[in-house]
Each structure stands twice: as structure tokens, then as C-alpha cells.
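Take 783 as the starting number for the sequence shown in our numbering and just add one per residue. Glycine included, every Cβ here is placed at the ideal spot set by N, Cα and C. Below is one structure, written out as C-alpha cells; the observations come after it.
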Amino acid sequence: MQFTRADFPEGFNFGVATSSYQIEGHSFGGAGRTQWDDFAATPGNVKNAETGAIAADHYHRYEADMDLVAQGNFDCYRFSTSWARVMPDGFTVNPDGLDFYDRLTDAMLARGIKPCATLYHWELPVPILDRGGWRNRDIADWFADYTHTIMARIGDRMHSVAPINEPWCVAWLSHFMGAHAPGLRDIRATARAMHHVLLAHGKAIHTMRGLGMDNLGAVFNFEWADPADHTPEAAEKAALYDAIYNRWFLGGVFKGEYPANVLDGLGVHMPDKWQDDFPTITAPVDWCGLNYYTRKLIGPDGGAWPGLKEVEGPLEKTLMGWEIYPEGLYNFLTRTAREYTGTLPLTVTENGLASPDVIENGRIDDPQRSSYIAAHLASVRRAISEGVPVNGYYLWSLMDNYEWAFGYEQRFGLVHVDFDTLERTPKASYHQMAQNLRR
Ligand code: IFM
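Dropping the structure here:
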């Protein structure tokens, strides 16, 4: 994995990303119970019923963790603030929560690291879930209140902020597939969550503009969808998968419309007067973030809408079983600029892989990660060379962490974490990145 900063435009930012519940240790500092605590307590939802109670104990080790970001020569640290830490019941402020993010912000600035915040990476306080969570339209206003509370404290020092990480996961994965908290499989709940998550995004942008903030964005996760075979049925289902996963959110935020083939299934379940919310949802943003990992091969399953299934593909896979497909990142960067965002800066806000990393003689060799990064950075450079305004690339993740329903088994970090001792050990890929990014 050989490259230098000179291979990228002046001012291009390299970063590492994490999220609060995945690393902080949610049992510390007065944080409230989240939907993930309950989801994990329900047998069968999470591997070994593991939770983020301790995670990587970043809550106490954040200074040393920021040293790792700085020594890796990264420009940006993309972190998230937890709603349940800042407001344990969803409404009442926990001063220790605000203090923590204040200290973390200053720890970044003291090291010359740019703080890039996400306001919601899935830590829904359970009292909000008890009120219907993402099914309840009022969540957009409650989320705006939380946005105001946390950004009134740290917003003056943020390099960039995005309200919601990966709205597809918040809505579809969690309410239709049941694979993430709150674990619903309910099409009506899904339709409401698909819309309310974007309404909350828009209201949060509006709230932060009111605080005088800029460099605000939207972060989406994208999966490239290819037809599993050459039949028209497979092509139609791949297009539907693309519309549900990718185009719904881009269309909502950048065009004020949802794809017709998704409304074919969700339309009857949408909340009243949903069309009236587009002026809020389309609040102008300053950049668009893309989280990209893999592609899927899609075909028909013969069942009820959406009537599609994933088919195993032939490409090399990561430990998650995800095909490695760097062309997908190039495809998304070019398509997003061409069809949705024009000259707006694009940032690759997450990219990375899980691998079965083990320490041998004090070293961790992770060659699959290094070649994955090199291949995806080549896609970024190709898009830039064709005029796409990509301004940054952040790796998921700084360190091994709680991989949601997969517990602690899937290691996405550039830095290995021993979850018994909590010792951090940089992997070979971390050392290579530090070398490539030196100034
Ligand atoms: O760990 C997750 C992260 O929380 C959101 N994006 C994808 C990562 C890997 O699955």
C-alpha cells in the first residue's frame, strides 16, 4: 500500500472513524439505556449477547486514543455523540455526557486533529423507543432538541457535522429486516422510519444553521447492486434494491422525491402528508458523505414485495462475507455527483474491512486490509481524475470495536484491541498509513 499525500488534491483529508456505543463503554459516565442494550438482552439478536457496556473503554482512554490518531498522521477524527449519554432519558441533560464530548473535542484540537461529529450512530434512548422511536413523527423535534443541546456546547469547535449515520440502517435494517435494534420486521414501521429519519436530518441541519454552524453534511451507506443473472427479473430486482438502499435517501435529501418503485411497496404505509416535509428534508448541506464497503448480487425470490434476495457472489470476501468490489466506490462517487450532488464536495466517510487479526510476536499482519485500502483509494483517485470533487477518505475504523449484532468477533480496526486487557496494538496497516501520510 504505497501512496503519498501528493497523489491527492491539496487539502484532501485522511481520517479514521468510530462511533460512541461501539467504543466508549456505555456503562460509564451516566449514560442512559439504549435500544442496543435491550436488543442485545433479547436472546439470538447479538452474538454471545454482547453489549457496548465496556466496549474499548474509550471513555477513560480517549487521550491515548487521540495520540493514536495523531501518530497515524490522520487529519480528521470522525466520532459520534451519543443521544443516550447526553440525554439519558432522551430529554434531560446529563452534564457528565456534555463534559465528556467537550474533553474529547479539546483532546483532538490539542493534537491538531479536525473533529468531525455525527449526532446519531444508533444510540436511541429507550424512553424515546417507548414513545415509538423512529415510528413517531415527534422524534424529529426531539432529535432537533438533542442536536441543539450538544452542538450549543461543542459546535463552535467542529470541523464538520452530519446528523445521522447511515439512514438505511436506522430505517430498513432495523425495522424491515430486524437485524439491528429495535429488531422490528414491520413494513408500516419501516415506511415511517424511512421518512422520519430524513425529517430528523433536515430539522437537525436547520437547528445547527440557527447556531451559526457550517460544513454540515449528510452521510449515507451505499451498496452497489448488480443483477444475479441476465434475466429482466433480476435486473428489475437489482434496481429495486438500489432504490431502497441508495436512491431513497439521496432522492429525499437532494431532489425532494422518493423512487416510485419503492413507493409501490411503502406508499400505502407512509405517514399523512409526507410530501409536505420535503422543504425541511432538502435543507441545503455543504457536503455528502458516502460509507462504502461492498456490492450485492440480487435476484427475485418470488415472494411478496420487495420480492428480492441476495445471491452469493464469486469475488474475494472479507471476514464479514462481503465481496471486495472497489469499482463500486468509483461507481457511487461518479453517479452521486452526476445524478444528485453536482459540484458539492463528496467525502468517503467510511471504508474498511473486518479480518481475523491475531497478534504474533507482538505484530499483527493484516495484508488483506492493506490491499483493500489501496484498491479503494485507487477508485477514489480515478473518480477525482474524472472531475468528481472528492475531498476526503476516512477509514472504518480507528480500532477494533463492537460490531453490533456480530459482537466483538469482527475486527475492523487499524488498531487491535484486546477486549480482556483493553490493550491497543497498532496493526501493520496502521503503520503503513502513518508512513504514507507523513508530511
Ligand atoms: O461498524 C459499522 C458502523 O457502525 C457503520 N458502518 C459500517 C460499519 C461496519 O459494519
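#1: Check residue 1063 in the structure and name its three-state DSSP category.
#2: DSSP three-state label for residue 1078, please.
#3: Would you say residue 1036 reaches chain C, if we count a Cβ-Cβ gap shorter than 9 Å as a contact?
#4: Could you check the C-alpha separation between residue 905 and residue 941 for me, to the nearest Å?
#5: Check the C-beta distance from residue 1079 over to residue 1157 and give it rounded, since I have them as a contact under 8 Å.
#6: Mind pulling the beta strand (DSSP E) runs of 3 or more residues that sit fully within the segment 964-1042?
#7: Figure out for me which residue from 976, 978, 954, 979 has the closest Cα to the Cα of residue 967.
#8: Could you name the residues of the same chain whose beta carbon sits closer than 8 Å to that of residue 924, not counting the 5 residues immediately before and after it, in chain order?
#9: Below 6 Å CB to CB, which residues in the same chain sit around residue 1059 once its five sequence neighbours on both sides are set aside?
#10: Output the distance between the C-alpha atoms of residue 1006 and residue 1134, rounded to the nearest integer angstrom.
#11: Are the segment 1159-1174 and the segment 819-833 touching by the rule of at least three beta carbon pairs closer than 8 Å?
#12: Are there 16 or more other CB atoms within 10 angstroms of the CB of residue 1024, so buried, or fewer, so exposed?
#13: State the Cα-Cα distance for the pair residue 1219 and residue 791, rounded to the nearest angstrom.
#14: Closest to residue 835 by CA distance: which of 859, 860, 867, 1120 is it?
#15: Ignoring anything shorter than 3 residues, give me the beta strand (DSSP E) runs that lie fully in the segment 814-883, in order along the chain.
#16: In chain order, what residues of the same chain have a beta carbon less than 6 Å from the beta carbon of residue 1178, not counting five sequence neighbours either side?
#17: To the nearest whole angstrom, what separates the beta carbons of residue 1150 and residue 783, a pair I think is in contact under 8 Å?
#18: Comparing alpha-carbon positions, which option in 1100, 1076, 880 lies nearest residue 1148?
#19: Residue 1208 by DSSP, collapsed to three states: which one?
#20: Can you list, in chain order, the stretches of the alpha helix (DSSP H) that have 4 or more residues and sit fully within the segment 1106-1194?
#21: By Cβ distance, which residues of its chain are closer than 8 Å to residue 1017, with the 5 residues on each side in sequence left out?
#22: Can you determine whether any heavy atom of ligand 1 sits closer than 8 Å to the C-beta of residue 1194, and answer yes or no?
#23: Taking 9 Å as the threshold (C-beta atoms), are residue 1160 and residue 1108 in contact?
#24: Buried or exposed: residue 947, going by 16 or more other Cβ atoms within 10 Å of its Cβ?
#25: Residues in its own chain within less than 6 Å of residue 795 by CB, not counting five upstream and five downstream?
#26: State the Cα-Cα distance for the pair residue 1000 and residue 975, rounded to the nearest angstrom.
#27: Taking 6 Å as the limit between beta carbons, can you name the residues of its chain near residue 898, skipping five residues before and five after?
#28: Count the other CB atoms within 10 Å of the CB of residue 959; is the residue buried (16 or more) or exposed (fewer)?
#29: Do you know offhand how far residue 1137's Cα is from residue 1104's?
#30: By Cβ distance below 6 Å, which residues in the same chain neighbour residue 1216 in space, the five residues on each side in sequence not counted?
#31: Let me check understanding here. Comparing Cα to Cα, which of 1081, 1185, 1028 lies closest to residue 1102?
#32: Run the proximity test for residue 1154: is its beta-carbon closer than 8 Å to any non-hydrogen atom belonging to ligand 1?
#33: Do you know how far the Cα of residue 1086 is from the Cα of residue 851?
Concretely, from the data shown:
#1: It is helical.
#2: strand
#3: Structure shown: chain C not included; a single protein chain is present.
#4: 22 Å
#5: Rounded, the Cβ-Cβ distance is 19 Å, inconsistent with contact.
#6: 999-1009
#7: 954
#8: 872, 873, 910
#9: 981
#10: 15 Å
#11: no
#12: buried
#13: 13 Å
#14: 867
#15: 858-862
#16: 799, 1132, 1134, 1194
#17: With 8 Å as the limit, residue 1150 and residue 783 do not qualify as a contact, their Cβ atoms being about 11 Å apart.
#18: 1100
#19: Here residue 1208 sits in strand by DSSP.
#20: 1108-1118, 1149-1167
#21: 1009
#22: Checking every heavy atom of ligand 1 against the Cβ of residue 1194, one is found closer than 8 Å.
#23: In this structure, the beta-carbon distance from residue 1108 to residue 1160 falls below 9 Å.
#24: Counting other Cβ atoms within 10 Å of its Cβ, residue 947 reaches 16 or more and is therefore classed as buried.
#25: 857, 858, 1174
#26: 17 Å
#27: 858, 860, 941, 942
#28: exposed
#29: 11 Å
#30: 854, 855
#31: 1185
#32: no
#33: 47 Å
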